[in-house]
Amino acid sequence: MLTALIVFVVASILAPVLTGWLGTRVFYLLTLVPVVGMVESIRRASAVLDGITVRESYSWIPQIGLALGVRLDVLSWVMSLIVLGVGALVLVYCARYFPATEPALGRFAGTFIAFAGAMYGLVVADDIFLLFIFWEATTVFSYLLIGHYTDRKASRGAALQALLVTTAGGLTMLVGLVLIAVDAGTPSLTGIVRDPPGGALASTAIFLILVGALSKSALVPFHFWLPAAMAAPTPVSAYLHAAAMVKAGVFLVAALAPGFADIPGWRETLVFVGVFTMLVGGWRAIKQQDLKLLLAYGTVSQLGFLTVIVGFGTRDAALAGLSLIIAHALFKSALFLVVGVIDHRAGTRDLRKLSGFGKRSPALAVIATVAVISMVGLPPAFGFVAKEAVFTAFLDSGTAVGLVALVGVAVGSVFTVAYSARFLWGAFASKPDTPQTEVADERPGILTSPGILAGGGLALGLVAPLVGDALSGYSHGFPSAAGQEDYHLALWHGLEPALVISVATMVLGIAMFLLRDRVLRAQSLVPSWVNAANGYWKAMRFIDRTAARVTARTQRGSLSFYLGVILLVMVLAVGATLTLDQPWPTEFIWWDFSGQIAIAVIMAVAAIAAVRASKRFTAVVLVGVTGYGMAALFALQGAPDLAFTQVLVETVTLVAFVLVLRRLPQRIGVAHPSHARGWLRATLAIGVGVTMALVAVLALGSRIADPISLDLASIAYEGGHGANVVNVTLVDIRGWDTMGELSVIIVAATGVASLIFLDRRIDDQPRPARVSGRKGFLLRQRPVTEPARPRGHELGDDEEEETRLAWLLAGRTLAPENRSILLEVTVRLLFHSIIVVSLFVLFSGHNAPGGGFAGGLVAGMALVARYLAGGRYELGAAVTIDAGKLLGSGLVLAVGAALVPLFFGADALTSTWFEAELWALGHVEFVTSTVFDAGVYLIIIGLMLDVLRSLGGEVDRQQEEDDPDTPNERMPKPADEKVNP
Amino acid sequence: MSATLILVILMAIMYASGVYLMLERSMTRVVLGFLLVGNATNILILVMGGRRGLAPIVGDGSSVDEFNDPLPQAFILTAIVITFGVSAFLLALIYRSWRLSQADELQDDPEDLAIAERDAAVEEELRHPDARDTEVDHLDELLAARELGDKGEQE
Chain G
258 MLTALIVFVV ASILAPVLTG WLGTRVFYLL TLVPVVGMVE SIRRASAVLD GITVRESYSW
318 IPQIGLALGV RLDVLSWVMS LIVLGVGALV LVYCARYFPA TEPALGRFAG TFIAFAGAMY
378 GLVVADDIFL LFIFWEATTV FSYLLIGHYT DRKASRGAAL QALLVTTAGG LTMLVGLVLI
438 AVDAGTPSLT GIVRDPPGGA LASTAIFLIL VGALSKSALV PFHFWLPAAM AAPTPVSAYL
498 HAAAMVKAGV FLVAALAPGF ADIPGWRETL VFVGVFTMLV GGWRAIKQQD LKLLLAYGTV
558 SQLGFLTVIV GFGTRDAALA GLSLIIAHAL FKSALFLVVG VIDHRAGTRD LRKLSGFGKR
618 SPALAVIATV AVISMVGLPP AFGFVAKEAV FTAFLDSGTA VGLVALVGVA VGSVFTVAYS
678 ARFLWGAFAS KPDTPQTEVA DERPGILTSP GILAGGGLAL GLVAPLVGDA LSGYSHGFPS
738 AAGQEDYHLA LWHGLEPALV ISVATMVLGI AMFLLRDRVL RAQSLVPSWV NAANGYWKAM
798 RFIDRTAARV TARTQRGSLS FYLGVILLVM VLAVGATLTL DQPWPTEFIW WDFSGQIAIA
858 VIMAVAAIAA VRASKRFTAV VLVGVTGYGM AALFALQGAP DLAFTQVLVE TVTLVAFVLV
918 LRRLPQRIGV AHPSHARGWL RATLAIGVGV TMALVAVLAL GSRIADPISL DLASIAYEGG
978 HGANVVNVTL VDIRGWDTMG ELSVIIVAAT GVASLIFLDR RIDDQPRPAR VSGRKGFLLR
1038 QRPVTEPARP RGHELGDDEE EETRLAWLLA GRTLAPENRS ILLEVTVRLL FHSIIVVSLF
1098 VLFSGHNAPG GGFAGGLVAG MALVARYLAG GRYELGAAVT IDAGKLLGSG LVLAVGAALV
1158 PLFFGADALT STWFEAELWA LGHVEFVTST VFDAGVYLII IGLMLDVLRS LGGEVDRQQE
1218 EDDPDTPNER MPKPADEKVN P
Chain V
128 MSATLILVIL MAIMYASGVY LMLERSMTRV VLGFLLVGNA TNILILVMGG RRGLAPIVGD
188 GSSVDEFNDP LPQAFILTAI VITFGVSAFL LALIYRSWRL SQADELQDDP EDLAIAERDA
248 AVEEELRHPD ARDTEVDHLD ELLAARELGD KGEQE
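Chains G and V, in that order, give the protein sequences. Residue numbers for the first sequence follow our numbering, beginning at 258 and rising by one. Residue numbers for the second sequence follow our numbering, beginning at 128 and rising by one.
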């Protein structure tokens, strides 16, 4: 069975490709796919009919008890034959039905096969969650099949409606399935039914499952999706809406009935809903003018009929129900296929326009008549046998519910006879006042499938006792009625009450048909009390409207609004909790040392002044003051690493701000003055400040245990082999945190570069030319010179080129008014020293304040100096590597340091150390986490480089581009850049 | 343990100033507010580390009890650098916005604002079905489904 499912999957994937090669003939090939499954079922026939349940199971997610468990018992065996057999015949029909020019035929073929596979999986699945997956798969594929004509609004609408209704039912069912699986302790359907749990929980679960089943089988109040789904191509209607999908719900009821038919409410609910559906469907079918809609409402009616009998839960009812499922699948799909032929040949399905079709197409008329005989339940068709069995089962039950069911289905059968007669008359009769229909030629072979299906219904009737024996394996799952013999399927049971009822329904039905004009008139007087489609419409509009209004209320499109809401919730929730619940700390320390007061006052004044500042640079500098204040606090608190890093970061932040803000106007907030809704914002801001103060005081006040960091020092010193606890924490103990941080930094650096450079990240700006090789090495040892004449001054013929010593490689690229010789000299003297210092900071960081972050920032400062003194070409000359490559190699080092320990069987990021006595250097140690720190160092340099390149160099270039008057930088012409020989 | 109140007050002032700035429309002010809130948060973590202590560097006979708590320090170090990365990104955003539209302001998102109007438009169309616009989400499909249903149910 699992093999057959795999064949379905593969075939559905290949089908579109095959359709490209074979056209409509692909359907003949695809017919083989369901046949594979049928062969499997037939091969198992003797075992299954002997009462053995054939199982296959493949472990899927054992941790939660999910398995790919499938089984064949009599019920699923019969269902699999229906699903696959009708599927194969409909595929044959498709080959003749669709013209070669049909658009999207490949998609249709693939979806159809996928649907058939899902349906097959549904009936054989034993694990109820697997069953649910197939159940939802049929929903999704039916959506695609109903919406086959994607250009038709009605088709899309019907597909959407079917999808939403059946999915809503399916989700309800899922809740029930979970409940029942937990209650029963097994997800196996056969296991649950064999040993059904009782009690309120199980009943709730079963009724939730019934909601899913009823929605899938289009029972009132979910019935409305089925007639709408007639927008699908006819083969889809014949398969999904007669034999397969709508039977899924009935199948589930039938599968659960042996275990749960006796729980309170089950029988009453199903009989009531079923009878009501049968009557509503039949009533509406009588008045339809479209043959396909007539069949659709007839199907709704029959599904109600099936639900009544299948859910009734006695041995005789079970036998009758399963027989009726078979009979219905055969005659209803045959009739849909007949309607497809009529539609194609006459160009209409409207029975008011059809006339004399039977004379033109006698074979089709015969097939339709044979199918209708089974539908109305005339001997010798199988439909007759099944209907007799149903009547007898209700008669013999001797209960009030049984009586209601009997009367209901008898009246429903009268309607069935009436609309069946109307169908035959409408499709094939010659109507005196209607012109004869123009009929196109029949496509050869198109009658095969409906013929076999209709003939099958007749043939099974002739061998009814054999069929009855075969099905008894299912019905024997129910207890036999006390003191009665089991019912046996047969064409002739003698003059029994059931036969009398059959004859009566037939007579009344024919009478209704003959008096159809009066019936129609009477119908138009009765108001339609059930308009579920309108309910669906209202529900959907309600959801739409609510969604739109909620969105419009909450998503105002304003960042300040969102922030305000978030902060308000924080103030109210956190603030209220803290004020109400906590015992207040009684001890306070005002300050640790008097210097703290001075620093705090300066920072507070700067922060408040920054709020009020109206000029950009003022505000930036004031915020910078708080930053440097932080550094002072850190230093005095006992955190030299933090102080060091903070000073460096604050400086580069200032530089970055200045680089950007030089392009913006001097004053802030001209368009939106700061005082707009100022009080509101101030209140919220103060609320946040107070809340955070409460958090700080209470959090610290409620601390009773020793901090875990008391152990950090020994872990760092002994495990990480470093004296600087903070640095070892970063690169070793909590290395994963740092790894995450590095990723953030790489993303931020890349983001900065791509926001400014837009199209590409690679630095392709020209750089001062370099000579490589041995000659280049020698050349680089000589002093660099530049022409002494002013830039832009062309050399006259008689002038001798004079040169002077250049302090920077690209100093001459700056406009003369931007050059500062003092800066150039300073940078020239300091640059290399700073780089060496940065390396020292990097490597000493393990034991003294410093490390990769600080080292990288120091090196970054050196780059800042080069850029400020010599402009963007100087920056290019200082770092010839692309920033992206720096970031990347830093990440490689860091990840390498994390991964290499894995090869030695240790956890990721584990560090070790090597020590040696070297004669010149003395005792030397190397800790492997230094490699990680070096990665950090490179990534920070990459970040700095990206910031300078983007916010500095590229912004310069764009400014020069926008405004030609700006003093510009440019590369010297080749003649200029002579190196002193 | 008890908190150092002067630091808590400073933190509250910086949070308040930062939040006030972040609720502005000027993007420069938002970024400055972001920096202030970042600094305030670092003070919060610092306060959690307890009172002033020695630098957490093993050696020289200093004992673990005298250290300022190293774990909050490691967190703050991470926070400082990330704040720089993020503010650089925000600065790039400011520059980009300025270069494209000469605006240093947070604009309201027109798509979000349009939702309410679109809902009103749908209601209007339902009231006057003749003037129906053909492209309002899946409204068309819903209407088609309703018509199909009504056709069978009310005929």
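Ideal Cβ placement from N, Cα and C applies to all residues, glycine included. Every value quoted in this text rests on a predicted model; they were computed, and no experiment measured them.
Alpha-carbon to alpha-carbon, residue j and residue i
i        : j        : result
A889(G)  : L899(G)  : 10 Å
R1123(G) : R991(G)  : 35 Å
V305(G)  : V311(G)  : 7 Å
I859(G)  : T883(G)  : 8 Å
H733(G)  : P360(G)  : 49 Å
L916(G)  : G1209(G) : 6 Å
A486(G)  : V331(G)  : 31 Å
T261(V)  : R413(G)  : In this predicted model, T261(V) has a pLDDT of only 48, less than 50, meaning its place in the structure is not dependable; the value taken from the coordinates is given anyway. Rounded to the nearest angstrom, the two C-alpha atoms are 14 Å apart.
F529(G)  : A662(G)  : 8 Å
R606(G)  : L446(G)  : 43 Å
L271(G)  : L756(G)  : 52 Å
D519(G)  : G568(G)  : 10 Å
V1121(G) : L829(G)  : 45 Å
V290(G)  : A261(G)  : 8 Å
D1190(G) : D1164(G) : 18 Å
P319(G)  : G326(G)  : 12 Å
L824(G)  : S472(G)  : 45 Å
F1097(G) : N981(G)  : 15 Å
H498(G)  : R778(G)  : 30 Å
Three-state secondary structure assigned by DSSP to residue i
i        : result
I309(G)  : coil
A272(G)  : helix
T1042(G) : strand
D1233(G) : Its pLDDT being 46, under 50, D1233(G) is placed unreliably in this model, and the coordinates cannot settle the point.
S153(V)  : strand
F161(V)  : helix
R1061(G) : strand
I1002(G) : helix
Closer than 8 Å to chain G by CB, residue i
i       : result
L227(V) : no
R254(V) : no
A248(V) : no
Within-8 Å CB hit, residue i to chain V
i        : result
R813(G)  : yes
H844(G)  : At residue 844(G) the sequence reads Glu, which differs from the His that was named. Yes, E844(G) counts as interfacial toward chain V.
S966(G)  : yes
A1005(G) : yes
L401(G)  : no
A830(G)  : no
M502(G)  : no
N1225(G) : no
Any C-beta of chain A under 8 Å from that of residue i
i       : result
A219(V) : The chain inventory of the structure shown lacks chain A, comprising the protein chains G and V.
Beta-carbon gap between residue i and residue j smaller than 8 Å
i       : j       : result
T571(G) : G531(G) : no
A514(G) : L594(G) : no
A345(G) : V274(G) : no
I403(G) : A419(G) : yes
L483(G) : A475(G) : yes
A500(G) : V340(G) : yes
Residues that DSSP places opposite residue i in a beta bridge
i        : result
V1184(G) : W1170(G)
I854(G)  : In the DSSP output, where bridge partners are listed per residue, I854(G) has none listed.
A1135(G) : BP columns for A1135(G) are empty, so no partner.
N981(G)  : I184(V)
K872(G)  : R924(G)
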